[in-house]
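Residue numbers (our numbering): 399 to 847. Everything on this sheet refers to the single structure shown next.
And the structure:
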C-alpha cells in the first residue's frame with residue numbers, strides 16, 4: 399500500500415495514458431500538473447485520503463474518465479462536475495467553523511438522549527428474540543458532523559445506491575481507517591422511518607457471518623435542527639451480486655466461476671436457515687434479490703437491506719410489523735399477490751429465483767421470462783436435457799468435454815433442480831430452507847473434493 403503524497407517526479411510522465419493509484423493511503427492534494435498530461439485518458443485515485451480542490455482543465459474536464467470515490471476531503475473550485483462540495487471561501491470557512499462550534503457546545507446530554515432514540519423505541523416494540531451482545535458492544539456514537547465529513551458532505555461521488563427510503567454512501571470516519579457504508583434514511587418519504595426502526599430491530603436480534611453487520615447507528619439532528627437517522631455498516635468491497643451477474647454498460651465484466659456461485663448460494667441459504675429456524679420468532683426477509691446480497695473482500699456473501707423484514711408472530715402465525723408485503727417484482731412469492739400471509743416459504747421462493755438468476759444471468763423480469771410466464775418456466779422448459787442452452791454464457795467452463803459433462807451432471811443440474819423446487823407456484827410444494835441449505839452445502843463440499 400502506498401503512503402504519503404504523490405511525488406513531484408510524477409510530473410515527468412507526460413506521455414502516460416492511464417493512472418491507477420486507487421485503494422492506497424495517499425494524502426495531500428491532487429497534483430495540478432495532471433492537467434498537462436495530454437495523453438492521459440483515465441485516472442483512478444479513489445479510496446485514498448486526498449483533500450483540497452480538484453484541478454481544473456485537462457482530463458478533469460471529463461468526469462467519466464476520472465474516479466475520485468472515497469476521498470472525503472476533496473472539493474471543487476468551479477461547477478460541480480464531479481458532484482463534490484464547492485471548496486469553501488474564507489467566509490464559508492468561518493461559517494463552517496461556527497457551525498462546528500455550535501455542535502461542540504451543544505449540551506452533551508441532549509445529544510446522548512437523541513442518539514439513543516433508536517434503541518429505546520425498538521426495545522419498546524419488543525420481540526422474544528434475544529438481543530445480540532456483540533451488536534451492543536460495537537455501538538460507537540457518531541455525530542451529524544462525523545456523518546457529514548465521512549460522506550464528503552453527502553457527495554454524489556460517494557453515493558453508491560439510492561432508493562425511495564434511503565441512500566447509501568461510502569465513506570471513512572476520521573477516527574477509523576476502514577471504509578464504511580452509511581445508510582441515510584429519507585425521513586420525508588413514506589415508510590422510511592419504519593424501515594429504519596425495522597432494520598434496528600433486526601440488527602439488535604441477529605448475529606450471523608452471512609448477514610451484513612452494523613458498526614453503529616445515528617439518530618440526531620443536523621446543523622439546521624432537521625432530524626437525521628442513519629445506520630453505519632461494514633463496507634462490502636466487492637459490491638452486490640447483481641453487479642457481478644449483470645454488469646453495467648461500459649464496465650468491465652467480472653466473471654463468477656461455478657464454484658463461486660455455489661459458495662454464494664450456500665452462504666445465502668445458511669443465512670436464511672438461521673433466520674427461519676434458529677431465531678424465535680422466525681425472521682422473514684421479504685426482499686431477497688441479487689442487489690441485496692453483498693460480497694466481502696474474500697467473496698463471502700452477506701444478506702443486507704432489512705427494511706422490509708418481518709418477525710413471524712408466534713401467537714397468531716402472522717407477521718409482526720407493517721401491514722402489507724414489501725419486495726421487488728419478480729422475486730415476490732405469487733401467493734402474496736392473493737393476500738396470503740407472509741411466511742418462510744415466501745423467502746424460499748425468492749431464494750429460488752435468485753439461484754436460477756445466478757446460474758442463467760437472466761432477470762425474472764426480462765422478455766424471455768415474460769414470454770415463458772416466469773423464470774421458473776423459462777428454465778423448466780429446458781430442464782434437464784437442454785439446460786446448457788439457458789445457462790450464463792459467461793460462466794467459465796471446462797475445456798475437457800468429459801469434465802464438462804461430469805460438472806453438469808454432478809453440480810449444475812442438482813443446483814437448477816433446487817432452484818425449480820424453491821420456485822414452485824404452490825407454497826406447499828416448496829422445501830424448507832433447512833433442507834435447501836443442507837443440499838447446497840453437500841454440493842459445495844463435493845466440488846471442493
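C-beta atoms are modelled at their ideal positions from N, C-alpha and C, and glycine is treated no differently. All of these numbers come straight from a predicted model, not from anything done at the bench.
Would you decide whether residue 400 is buried or exposed? Buried here means 16 or more other CB atoms lie within 10 Å of its CB.
Counting Cβ neighbours within 10 Å, residue 400 comes out exposed, since fewer than 16 surround it.
Under the three-state reduction of DSSP, which class applies to residue 444: helix, strand or coil?
Correct three-state label for residue 444: coil.
Give the DSSP-derived three-state secondary structure of residue 766 in the structure shown.
In the structure shown, residue 766 sits in a helix (DSSP, three-state: H, G or I).
Looking at C-alpha atoms only, which residue of 623, 541, 685 and 485 is the closest neighbour of residue 725?
Answer by Cα proximity: 685.
Can you tell me whether residue 799 is buried or exposed, with buried defined as 16 or more other CB within 10 angstroms of its CB?
Answer is exposed; the Cβ neighbour count stays below 16.
Tell me the DSSP secondary structure of residue 525 in three-state form.
Only weak support exists for where residue 525 lies, its pLDDT of 40 falling under 50; the coordinates are left without a value.
Find out if the Cβ-Cβ distance for the pair residue 639, residue 680 is shorter than 8 Å.
Against a cut-off of 8 Å, the Cβ pair of residue 680 and residue 639 comes out as no contact.
So what's residue 794 in DSSP terms, helix, strand or just coil?
DSSP places residue 794 in coil when its eight states are reduced to three.
Going by DSSP, what residue range makes up the alpha helix (DSSP H) through residue 747?
Run containing residue 747: 742-758, per the alpha helix (DSSP H) assignment.
Rounded to the nearest angstrom, what separates residue 667 and residue 779 at their Cα positions?
Approximately 25 Å, taken between the alpha carbons.
Out of 814, 762, 755 and 772, which has the shortest C-alpha to C-alpha gap to residue 783?
Measuring from the Cα of residue 783, the nearest candidate turns out to be 814.
Taking the beta carbon of residue 653 as the centre, do at least 16 other beta carbons fall within 10 Å, making it buried, or is it exposed?
Under this definition residue 653 is an exposed residue.
Using 8 Å for Cβ pairs, my map puts residue 449 next to residue 427. What's the rounded Cβ distance?
Rounded, the Cβ-Cβ distance is 7 Å, consistent with contact.
Residue 561: which of 458, 587, 409 and 788 sits nearest, CA to CA?
Per the Cα distances, 587.
With DSSP as the reference, identify every bridge partner of residue 451, one or two as the case may be.
Paired residues: 473.
Just curious, the beta strand (DSSP E) that residue 631 is in, first and last residue?
Per DSSP, residue 631 belongs to the beta strand (DSSP E) from 625-632.
How many whole angstroms separate the CB atoms of residue 547 and residue 574, which I take to be in contact at a CB cut-off of 8 Å?
That belief does not hold up - the Cβ atoms of residue 547 and residue 574 are roughly 12 Å apart, past 8 Å.
Span of the alpha helix (DSSP H) holding residue 547?
Segment 542-548, the alpha helix (DSSP H) holding residue 547.
Bridge partners for residue 619 per DSSP, in chain order?
DSSP output for residue 619 lists 625 as bridge partner(s).
Can you tell me where the alpha helix (DSSP H) with residue 842 in it begins and where it stops?
Run containing residue 842: 831-846, per the alpha helix (DSSP H) assignment.
Count the CB pairs spanning the stretch 616-627 and the stretch 547-559 that are closer than 8 Å, and state whether there are at least three.
Result no; under three Cβ-Cβ pairs closer than 8 Å.
Quick check on residue 643: does DSSP put it in helix, strand or coil?
Three-state DSSP puts residue 643 in a helix.
Quick check: what's the CA-CA separation for residue 612 versus residue 433?
In a straight line, the C-alpha of residue 612 is about 40 Å away from that of residue 433.
Could you check the C-alpha separation between residue 420 and residue 781 for me, to the nearest Å?
Looking at the two C-alpha atoms, the distance is approximately 44 Å.
Do residue 755 and residue 643 come within 8 Å of each other at the CB atom, strictly closer than that value?
Going by C-beta atoms, residue 643 is nearer than 8 Å to residue 755.
Is it true that the CB of residue 745 sits closer than 8 Å to the CB of residue 816?
No.
Run through DSSP, which three-state label would residue 459 get?
Reduced to three states, the DSSP call for residue 459 is helix.
Exposed or buried, what is residue 731 when buried is set at 16 or more other beta-carbons lying within 10 Å of its beta-carbon?
It is buried - the Cβ of residue 731 has at least 16 other Cβ atoms within 10 Å.
Which whole-angstrom value describes the C-beta separation of residue 620 and residue 542, a residue pair presumed to lie in contact below a C-beta threshold of 8 Å?
With 8 Å as the limit, residue 620 and residue 542 qualify as a contact, their Cβ atoms being about 5 Å apart.
So the beta strand (DSSP E) residue 425 belongs to, where does it begin and stop?
Start and end: 423-426.
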